[in-house]
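Chains as they are written, first to last, in my numbering: chain A, 1 to 75; chain B, 1001 to 1375. Think of the CB as a built atom: it goes at the ideal place given N, C-alpha and C, for glycine as much as any other residue.
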Amino acid sequence: MERKLVDAKNTFCPGPLMELIGQMKLASVGDELEVLSTDKGSASDIPEWINKVGHELLDSFEEDGVLHLVVKKTK
Amino acid sequence: MRILIVGGGMGGTILANNLARRLSGELKAGKASITMLSASDQHMYQPGLLYIAVGKMFPDELYRDQVCLLESSIRFQVDPVTKFDLANNNVTTESGKRHDYDIIVVATGSRAHAEGTPGLAEHALQFYTEADALNMYQRLQEFEGGKVVVAVGVPHKCPMAPLEITFMLIDYFKARGIWDKVQLHYTYPIGRVHSLEPVANWAVPEFERLGVTYETLFNMKEVTADTIISEEGGEESYDLLVTIPSHKGMEVIEENELGPGGFIPTNRTRLNIEGYENAFVIGDTTNLPISKAGSTAHFEAEALAENIASTIKIGGPVRDYDGKVFCFIEAGEGRATYAMFNYQNPPDPKPPTKGMHWFKTVYNKMYWASARGLL
Chain A
1 MERKLVDAKN
11 TFCPGPLMEL
21 IGQMKLASVG
31 DELEVLSTDK
41 GSASDIPEWI
51 NKVGHELLDS
61 FEEDGVLHLV
71 VKKTK
Chain B
1001 MRILIVGGGM
1011 GGTILANNLA
1021 RRLSGELKAG
1031 KASITMLSAS
1041 DQHMYQPGLL
1051 YIAVGKMFPD
1061 ELYRDQVCLL
1071 ESSIRFQVDP
1081 VTKFDLANNN
1091 VTTESGKRHD
1101 YDIIVVATGS
1111 RAHAEGTPGL
1121 AEHALQFYTE
1131 ADALNMYQRL
1141 QEFEGGKVVV
1151 AVGVPHKCPM
1161 APLEITFMLI
1171 DYFKARGIWD
1181 KVQLHYTYPI
1191 GRVHSLEPVA
1201 NWAVPEFERL
1211 GVTYETLFNM
1221 KEVTADTIIS
1231 EEGGEESYDL
1241 LVTIPSHKGM
1251 EVIEENELGP
1261 GGFIPTNRTR
1271 LNIEGYENAF
1281 VIGDTTNLPI
1291 SKAGSTAHFE
1301 AEALAENIAS
1311 TIKIGGPVRD
1321 YDGKVFCFIE
1331 AGEGRATYAM
1341 FNYQNPPDPK
1351 PPTKGMHWFK
1361 TVYNKMYWAS
1371 ARGLL
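Spelled out as structure tokens, the structure:
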């Protein structure tokens, strides 16, 4: 198990959720991915996708204007 | 100073030509050299594949001899790299030749990876190679009506392709007089119909006006002969499945363990490979969280050429790559618009116009001047 950083700060296309989806494909079950986003929409759209697919949102917090979402790949 | 460019696509070609002009004095004096290693003697205009798929361009319009696009001072060899030894500043090629360098730029691009989704290669249409685009056109010609589903993999080259192929399919079906027999269903991986919110906000009313149904949070998991299933539990039957497959970097990048998925960890502004000061990446080969598009490669190549030239002339880089991307958006009905943005400024696309469509049509012909570094 490893934690991988997905730095999607200050990007508009493809954007933080698409970056996470792409990185999730390269990860192994049990890996954790920490997404960094400055897109306010990430606070809702990333958890929505995580919930719908069935991965696990471990943590979510904001630090210095950057949203951090920690996700565990479960399948 | 030996500069080695690996890859002869848009990014590598623009970079090589830009550098050759900036360093013409050093090249003539024998103080610098530029070598390009490529897998092909042909250069393809990849955005043209979209038009091939709907019968709007022909394959011979997509190719030029690579050597004809390059400044004569550039040493061009068709001999793809098989081994990178970044720690010792050399690469080995397919022919077994070793090339030592002082500066290396990797611009090997990306490829559609249909095999990453079970059943997709067997059952879906795609247009990321000449053969696939021609096959899609032939299958469209045989199609007499039914349900067409558009599905999108992540990551993918050309962020506008999903919307563009959708609007171009509508034009195609209208021109054949069968649009009233077609149900077109568009799917997209995230919670809106395009990654750029302003583009999504423009596209939804267009879909509603044209009668296109759509579904978001739909990531391809598996394809059968008549159904596509999503990671999110969605399921859509289809008569024709048009896909933008997920992409990977080139095999040689994965084989040399330069980056997961074939995408190399890259500094956002200086474009160097993380951990190396004399090795750089441009275009689709980077792992940067920005669009995989020709314009990205173009603007990265310009910034990097300036920095490599300045490093040789004055000892260091002079500018940062600012994340600039410019994408045309074919909007159907003879109209187009565009999205331009960078790391700091979001896009603000304008309503599509016929003028912008003609500009894009002209650009399809002017691309060769762009590759030569003249535009």
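With a Cβ-Cβ cutoff of 8 Å, do I1074/B and A1016/B count as a contact? A contact, by the Cβ cut-off of 8 Å.
Flag D31/A as yes if its beta-carbon sits less than 8 Å from any beta-carbon of chain B, otherwise no. So no, D31/A is outside the interface.
Just to confirm, is the Cβ distance from M1250/B to G1109/B under 8 Å? For M1250/B and G1109/B, yes; Cβs fall inside 8 Å.
Between the C-alpha atoms of L1374/B and L1070/B, what's the straight-line distance to the nearest angstrom? Separation of L1374/B and L1070/B (C-alpha to C-alpha, rounded to the nearest whole angstrom) is 11 Å.
Over what stretch of residues does the beta strand (DSSP E) that includes D1100/B continue unbroken? For D1100/B, the enclosing beta strand (DSSP E) stretches over residues 1098 to 1100.
Do we get a CB-CB distance below 8 Å when we pair P1317/B with the residues of chain A? No, P1317/B does not count as interfacial toward chain A.
What are the boundary residues of the alpha helix (DSSP H) that includes R1270/B? That residue, R1270/B, is in no alpha helix (DSSP H); it is neither H nor E in DSSP.
When the Cα of T1082/B is compared with those of K1097/B, V1152/B, C1068/B, N1345/B, which residue comes out closest? It is K1097/B whose Cα lies nearest to the Cα of T1082/B.
Under 8 Å (Cβ pairs) to chain B, residues found in the region 42 to 66 of chain A: So the close ones are D45, E48, W49, K52, V53.
Against S1110/B, what residues of chain A qualify as contacts under a CB-to-CB distance less than 8 Å, listed in chain order? Within chain A, no residue comes near S1110/B; the closest Cβ sits about 12 Å away, beyond 8 Å.
If you follow the beta strand (DSSP E) that S1237/B is part of, which residue opens it and which one closes it? Where S1237/B is concerned, the enclosing beta strand (DSSP E) stretches over 1235 to 1237.
Which ranges does the beta strand (DSSP E) cover as unbroken runs of at least 3 residues, wholly within the region 1304 to 1336 of chain B, from first to last along the chain? Taken in chain order, the complete beta strand (DSSP E) segments of 3 or more residues contained in the region 1304 to 1336 of chain B are 1325 to 1332.
Mapping the DSSP letters down to three states, classify S37/A as helix, strand or coil. If DSSP states are grouped into helix, strand and coil, S37/A belongs with the strands.
Could you name the residues of the region 1339 to 1357 of chain B whose beta carbon sits closer than 8 Å to any beta carbon of chain A, in the order they occur along the chain? If the cut-off is 8 Å between Cβ atoms, the region 1339 to 1357 of chain B has A1339, F1341, Y1343, Q1344, P1346, P1347 near chain A.
Give a yes or no on whether the C-beta atoms belonging to Q1077/B and T1035/B are separated by under 8 Å. Between Q1077/B and T1035/B, the C-beta spacing is below 8 Å.
Range of the contiguous beta strand (DSSP E) that encloses T1013/B: Following the DSSP letters along the chain, one finds T1013/B in no beta strand (DSSP E) but inside the alpha helix (DSSP H) bounded by residues 1010 to 1022.
Quick one, are the C-beta atoms of L1217/B and W49/A less than 8 Å apart? For L1217/B and W49/A, yes; Cβs fall inside 8 Å.
Neighbourhood of I1282/B by C-beta distance below 7 Å, restricted to the same chain and skipping five residues each side: For I1282/B, the CB contacts under 7 Å within the same chain, skipping 5 residues up- and downstream, are G1011, L1015, V1105, A1107, L1271, A1297, E1300, A1301, L1304 in chain order.
Please list, in chain order, the residues of the region 1251 to 1273 of chain B that have any C-beta partner in chain A closer than 8 Å. Cβ contacts with chain A: P1260, G1261.
Rounded to the nearest angstrom, what separates V1154/B and G1191/B at their Cα positions? For V1154/B and G1191/B, the distance between alpha carbons rounds to 14 Å.
Give the straight-line distance between the Cα atoms of N10/A and E63/A, rounded to the nearest whole angstrom. A straight-line Cα-Cα distance of about 15 Å links N10/A and E63/A.
Please look up how many angstroms separate the CB atoms of A1203/B and L1163/B, rounded, as I've assumed it's under 8 Å. That belief holds up - the Cβ atoms of A1203/B and L1163/B are roughly 6 Å apart, short of 8 Å.
Host beta strand (DSSP E) of N1090/B (start-end): Its beta strand (DSSP E) spans residues 1090 to 1093.
Go ahead and pull the three-state DSSP assignment for A1114/B. Under the three-state reduction of DSSP, A1114/B is assigned to helix.
Is T74/A close to chain B? Criterion is C-beta to C-beta, closer than 8 Å. Using a Cβ-Cβ cut-off of 8 Å, T74/A does not count as an interface residue toward chain B, since no Cβ of chain B sits closer than that to its own.
Cα separation between K4/A and K72/A? Approximately 10 Å, taken between the alpha carbons.
So, T1187/B versus E1208/B, is the Cβ gap smaller than 8 Å? Against a cut-off of 8 Å, the Cβ pair of E1208/B and T1187/B comes out as no contact.
Can you pull the chain A residues whose beta carbon is under 9 Å from the beta carbon of I1290/B, in chain order? Chain A residues near I1290/B: T11, F12, C13, P14.
Could you check which residue in M1136/B, I1290/B, A1200/B has the C-alpha nearest to that of L1241/B? Residue nearest to L1241/B within the set M1136/B, I1290/B, A1200/B is M1136/B (criterion: CA-CA distance).
Expressed to the nearest angstrom, what Euclidean distance is found between the alpha-carbon atoms of R1268/B and D1320/B? So the two alpha carbons sit approximately 9 Å from each other.
DSSP three-state call for E77/A: helix, strand or coil? Only positions 1 to 75 of chain A appear in the structure, and residue 77/A is not among them; the question remains open.
My understanding is that E1254/B touches G1262/B, with C-beta atoms under 8 Å, so please give their C-beta distance in whole angstroms. At roughly 5 Å, the Cβ-Cβ gap stays under 8 Å, so E1254/B and G1262/B are in contact.
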